[in-house]
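Asker: Here the sequence shown is numbered in my numbering, starting from 10 and rising by one per residue.
Here you go, one structure.
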Amino acid sequence: MILNYINWDVNPDIFSFNLPLLGDVTVRYYGLLWAVGFIVGYFIMLKIFKKEGIKVAVLDQLTTYMVLSTVIGARLGHVLFYQPAYYLKHPLEIFATWEGGMASHGAAIGILVGLYLFSRKRKKPYIWILDRIVIVVALAGMFIRLGNLMNSEIFGDVTNLPWGFYFRRIPYAANIPHHPTQLYEAISYLIIFFILHRIYYKTDGKFKPGTIFGWFLILLFGVRFLIEFVKEPQVGFEQNMPINMGQILSIPFIIIGIIILTRKRKQNYKA
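So this is what it looks like as structure tokens:
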């Protein structure tokens, strides 16, 4: 199989327009794919909620918690885990999310906190919410990684494999093929989505509490841990580390997933 490598020279901007007071506004593939992930996830959750007789108003409130906790968590995760010194000197740039800088591990922590607050407010079992929401989180992860691909960012090391990408918009990667790790993750997350989705419907939603959440943590962060071995360091301090920050942050999630699946839980709970 000879693909002779792949030239990737996609403009991350879709179109721009001017708005009074705001000036020039640019619509980018990355933002669009984030939005598509939430929209598709909403309709999948809508089907699940209708199946279990949960009011749509509850889902609407859950969606608000999800959007806010994901964005805030992803941004703070990048700030705290990868560039704390820089943002300490430039605190106002923490709010400049349009410039990039979102961490998936931060998003995961943000989601866990947001859903805990939601469960307290709605008086719903925390694990019940987690078991269902992670199905669409896996799918949203696929869309986000496709957004990273459109931005020509978070790619892998140099490779001789025939599907290596020439990222033409990145000077040092323009003439040397690199692993398209964004695609590796996107495809993996899509497969994980189908696995979790099947667990839910194969059991008709009557599974051991924590089953889907536990498998989500093990599969998604396990994949992330492995792919990081062929991914370029995101920040300078990772250069001399035996495993990078993404892998270090993945390990606790994998361990938690294993603990959840091995612990004895009561079979039934009320939603």
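For every residue, glycine included, the Cβ atom is placed at its ideal position computed from N, Cα and C.
Look up Tyr-175 in the DSSP assignment and say whether it is helix, strand or coil.
Answerer: Three-state DSSP puts Tyr-175 in a strand.
Asker: Excluding the five sequence neighbours on either side, which residues of its own chain have a C-beta within less than 8 Å of the C-beta of Phe-127, listed in chain order?
Answerer: For Phe-127, where only same-chain residues beyond five positions count, the Cβ hits under 8 Å are Gln-70, Leu-71, Tyr-74, Lys-133 and Ile-138.
Asker: Phe-176 and Trp-17 - do their beta-carbons sit closer together than 7 Å?
Answerer: Yes, they are a contact pair.
Asker: State the Cα-Cα distance for the pair Pro-21 and Pro-186, rounded to the nearest angstrom.
Answerer: For Pro-21 and Pro-186, the distance between alpha carbons rounds to 19 Å.
Asker: Below 7 Å CB to CB, which residues in the same chain sit around Glu-237 once its five sequence neighbours on both sides are set aside?
Answerer: Once the five neighbours on either side are set aside, the close Cβ partners of Glu-237 are Asn-253, Gly-255 and Gln-256.
Asker: Can you give me the C-alpha to C-alpha distance between Thr-271 and Phe-234, rounded to a whole angstrom?
Answerer: Rounded to whole angstroms, Thr-271 to Phe-234 spans 21 Å at the Cα level.
Asker: Is Lys-217 near the ligand SAH, in the sense that its beta carbon is under 6 Å from a heavy atom of that ligand?
Answerer: In the structure shown, the ligand SAH is absent, as is every other ligand, since no ligand is present at all.
Asker: Assign Ile-204 to one of three DSSP states: helix, strand, or coil.
Answerer: Residue state, collapsed to three classes: helix.
Asker: Find out if the Cβ-Cβ distance for the pair Tyr-50, Val-145 is shorter than 7 Å.
Answerer: Position check: residue 50 holds Gly in this sequence, whereas Tyr was assumed. Going by C-beta atoms, Gly-50 is nearer than 7 Å to Val-145.
Asker: If you follow the beta strand (DSSP E) that Ser-25 is in, where does it begin and where does it stop?
Answerer: Segment 22–28, the beta strand (DSSP E) holding Ser-25.
Asker: Should Ala-112 and Ala-83 be called a contact, given that it needs their Cβ atoms to be closer than 7 Å?
Answerer: Taking 7 Å as the Cβ cut-off, Ala-112 and Ala-83 qualify as a contacting pair.
Asker: On the three-state DSSP scale, how would you describe Asp-69?
Answerer: Asp-69: helix per DSSP, three-state reduction.
Asker: Pick out the complete alpha helix (DSSP H) segments inside the region 109–185, 4 residues or longer, and give them in chain order.
Answerer: Runs found: 113–131 and 135–159.
Asker: Count the other C-beta atoms from every protein chain shown that fall within 10 angstroms of the C-beta of Tyr-95, then say buried if there are 16 or more, exposed otherwise.
Answerer: Exposed, since its Cβ has fewer than 16 Cβ neighbours within 10 Å.
Asker: Give me whichever residues DSSP pairs with Trp-17 in a beta bridge.
Answerer: According to DSSP, which records beta bridges pairwise, Trp-17 is partnered with Phe-176.
Asker: DSSP state of Lys-211, grouped into three classes?
Answerer: Note: Lys-211 maps to helix in three-state DSSP.
Asker: Exposed or buried, which one is Val-88 when buried takes at least 16 other CB atoms within 10 Å?
Answerer: Under this definition Val-88 is a buried residue.
Asker: I need the straight-line Cα distance from Leu-192 to Gly-156, nearest angstrom please.
Answerer: For Leu-192 and Gly-156, the distance between alpha carbons rounds to 10 Å.
Asker: Taking Thr-168 as the reference, give the member of Glu-241, Asp-33 and Tyr-135 with the closest Cα.
Answerer: Closest option to Thr-168, Cα to Cα, is Glu-241.
Asker: Taking a contact to mean a Cβ-Cβ separation below 7 Å, would you say Ala-182 touches Arg-154 in this structure?
Answerer: Contact: no.
Asker: Under 7 Å, do Phe-262 and Leu-226 count as touching if we go by C-beta distance?
Answerer: Yes, the Cβ-Cβ distance between Phe-262 and Leu-226 is below 7 Å.
Asker: For Arg-84, which of helix, strand or coil comes out of DSSP?
Answerer: Helix, per DSSP.
Asker: Could you check the C-alpha separation between Ile-118 and Leu-258 for me, to the nearest Å?
Answerer: Near 11 Å, if we compare the C-alpha coordinates of Leu-258 and Ile-118.
Asker: Pro-189 and Phe-164 look like a contact to me (Cβ under 8 Å); what is the Cβ gap, rounded to whole Å?
Answerer: Their Cβ separation, rounded to whole angstroms, is 6 Å, which keeps Pro-189 and Phe-164 in contact under 8 Å.
Asker: Which of the three DSSP states is assigned to Arg-37 in this structure?
Answerer: Correct three-state label for Arg-37: strand.
Asker: Looking at the structure shown, is Lys-240 part of a helix, part of a strand, or coil, going by DSSP?
Answerer: Lys-240: strand per DSSP, three-state reduction.
Asker: Quick check: Gly-219 and Ile-136, are their CB atoms within less than 7 Å of each other?
Answerer: Yes. Within cutoff.
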